[in-house]
Ligand SMILES: C[S@@+](CC[C@H](N)C(=O)[O-])C[C@H]1O[C@@H](n2cnc3c(N)ncnc32)[C@H](O)[C@@H]1O
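Numbering (my numbering), first residue to last: 1 to 396.
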C-alpha cells in the first residue's frame with residue numbers, strides 16, 4: 001500500500017503552489033480578496049489531500065455526517081452554553097451536567113475534536129476552537145438541526161429518487177427532490193409545522209452570520225449617491241425573512257434616509273412580535289405582481305438559489321414591469337456566482353444542499369441565461385469579502 005501515497009516531489013510542488021497562493025492572498029485587496037482566499041483554500045486542500053492515503057480516506061468521507069450528528073447530541077445534552085467565554089469544561093463537569101455514560105461523552109467529543117470544533121487537553125477537558133465558537137449562537141444550532149432532521153434525509157434519498165426519475169432535473173410538474181422523498185414540498189410542509197419554520201428563520205440568520213448584511217454591495221457608498229428623502233422607499237427586500245439583513249444595513253448605515261420594506265409570507269412575520277427598528281414588514285407572495293412600484297432598490301438575497309430557472313423566471317416577471325416603468329430602480333440579486341471550474345467543497349456543498357428544494361447555485365453563464373429569459377442582463381457583479389456576490393441587473 002505504501003506506493004499509493006503521493007511521492008515527496010509532488011508534495012513539494014504542491015507546497016510551492018500553496019506558498020504562491022499565500023503570496024497572492026497577502027497582496028489582495030477589496031473584491032480580489034474573495035478570489036485570492038478561495039485560491040489559497042483550494043491549493044491548501046490539494047496539499048492536505050495529497051498527504052492522505054487514498055484508500056483510508058474512503059471511510060471518513062462516507063461518515064462526514066457523524067460530525068453534524070455529534071453537534072446535534074452536544075445540543076441535546078445542553079452543553080454548548082457551558083463553553084461560553086472560552087471556558088474549559090472537564091469530563092467530570094460534563095458527566096455531572098449530563099448524567100451520560102463516560103464512554104458516550106468520550107466518543108462524541110473525540111469526533112468533534114477531530115473535526116476541530118473542540119480542542120482537547122489531558123484529563124480530558126475541552127474548550128471551543130474558533131470553528132466551535134459559532135455553536136454558542138443558537139441560530140447555528142437551529143440550522144444544524146434543520147439540515148440534519150429535515151433536509152439531509154432527502155439528500156440521503158437522492159440515489160433512489162434520482163434513479164426513479166431517470167436522472168432528469170426536477171421541474172414544476174415533477175416537483176422537487178424534497179417532494180420525491182417526502183410527498184410534499186418543503187415550503188408547504190414548513191407552513192404547517194411552525195416549530196420547524198422557526199428553525200428555517202434561525203437557519204437563515206445562521207447563513208448570514210459573520211457577514212450578515214453582506215459586504216458584496218457597498219451599501220453606504222451606493223445609497224449615499226441617491227440623494228434619498230425620508231419618504232422614499234429605499235429598498236424592498238423581497239422574501240427577506242424577518243428583516244435581519246435590512247436591520248443590519250440600517251445599523252451599519254444610520255445616515256441613510258427613507259423606508260426599508262421587507263416582504264415575505266405572512267407565516268414568516270407571525271413568528272415574531274414585529275419588524276426590527278427602522279424596517280417595515282409587508283406580506284407578499286413572490287409569485288404575484290410586485291405591489292411597491294417606486295423603490296430605489298429591489299433586492300433578493302439567498303432566494304434565487306432556492307428555485308429552478310422556471311420558478312425564478314416567474315417571480316422575476318413580477319418585478320420586471322416595475323423596472324420598465326421606472327428605469328432608475330436597481331435590481332440586486334445576492335447569491336453565489338460559482339466559477340466555471342474547480343469549485344471549492346463549500347461551494348459544491350451549498351449547490352447540492354439546494355437540490356432537494358429544486359434550487360441550485362449558478363455560475364456566471366447560468367445567471368446570464370436565467371436573466372435573459374426575463375429580458376435582463378448583468379450590469380455588474382459586486383464582490384466583497386463574503387462568498388456571495390451581488391449581481392446588479394439591467395434591462396436588455
Ligand atoms: C432562504 S430564505 C432567505 C431569507 C433572506 N432573504 C435571507 O437572505 O436570509 C427564503 C425566504 O423565502 C421566503 N419565501 C418562500 N416562498 C415565498 C413566497 N412564495 N413568497 C414570499 N416569500 C417566500 C421564506 O419564507 C424565506 O424567508
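All C-beta atoms in this analysis are idealised placements derived from N, C-alpha and C, irrespective of residue type, glycine included.
- Here DSSP, grouped into helix, strand and coil, assigns residue 57 to coil.
- Counting the other CB atoms within 10 Å of its CB gives residue 59 a total below 16, which places it among the exposed residues.
- Each residue's CA atom was taken as its position, placing residue 151 and residue 105 some 26 Å apart.
- Going by C-alpha positions, residue 128 is about 19 Å away from residue 145.
- Under DSSP, residue 336 forms no beta bridge with any residue.
- The nearest non-hydrogen atom of ligand 1 is less than 7 Å from the C-beta of residue 265.
- In this chain, residue 282 is not harboured by any alpha helix (DSSP H); it is covered by the beta strand (DSSP E) spanning 280 to 283.
- Relative to ligand 1, the beta carbon of residue 269 is positioned no closer than 7 Å to any heavy atom.
- With 16 or more other Cβ atoms from the protein chains shown falling within 10 Å of its own Cβ, residue 238 counts as buried.
- Residue 308 and residue 180 have their alpha carbons spaced roughly 16 Å apart.
- Three or more pairs of CB atoms, one per stretch, sit closer than 8 Å, so the stretch 195 to 206 contacts the stretch 135 to 143.
- Its Cα nearest to that of residue 248, the residue 219 stands out among 33, 219, 27 and 258.
- In its chain, beyond the 5 residues on either side, 370, 373 and 374 have a beta carbon closer than 8 Å to the beta carbon of residue 313.
- Residue burial annotation: residue 154 is buried, with at least 16 other C-beta atoms found within 10 angstroms of its C-beta.
- For the pair residue 77 and residue 102, the Cα-to-Cα distance works out to about 13 Å.
- Leaving aside the five residues that flank residue 117 on each side, the residues in its chain whose CB is nearer than 6 Å to its CB run, in chain order, 131 and 132.
- Exclusion of the five residues before and after residue 164 leaves 180 as the residues of its chain whose Cβ lies within less than 8 Å of its Cβ.
- Distances taken from the Cβ of residue 141 to the heavy atoms of ligand 1 include none shorter than 7 Å.
- Here the alpha carbon of residue 182 sits roughly 49 Å from the alpha carbon of residue 12.
- With contact defined as three or more Cβ pairs closer than 8 Å, the stretch 170 to 177 and the stretch 346 to 359 are in contact.
- DSSP places residue 64 in no alpha helix (DSSP H); its state is neither H nor E.
- Contact annotation: the stretch 224 to 232 does not touch the stretch 188 to 200, with fewer than three C-beta pairs closer than 8 Å.
- Fewer than three Cβ pairs drawn from the stretch 287 to 304 and the stretch 264 to 272 lie within less than 8 Å of each other, which leaves the two stretches out of contact.
- If you draw a 10 Å sphere on the C-beta of residue 388, you find 16 or more other C-beta atoms in it, and that means buried.
- For the pair residue 384 and residue 158, the Cα-to-Cα distance works out to about 34 Å.
- Cβ contact annotation for residue 36 (same chain, cutoff 8 Å, sequence separation greater than five): 21, 24, 25, 27 and 28, in chain order.
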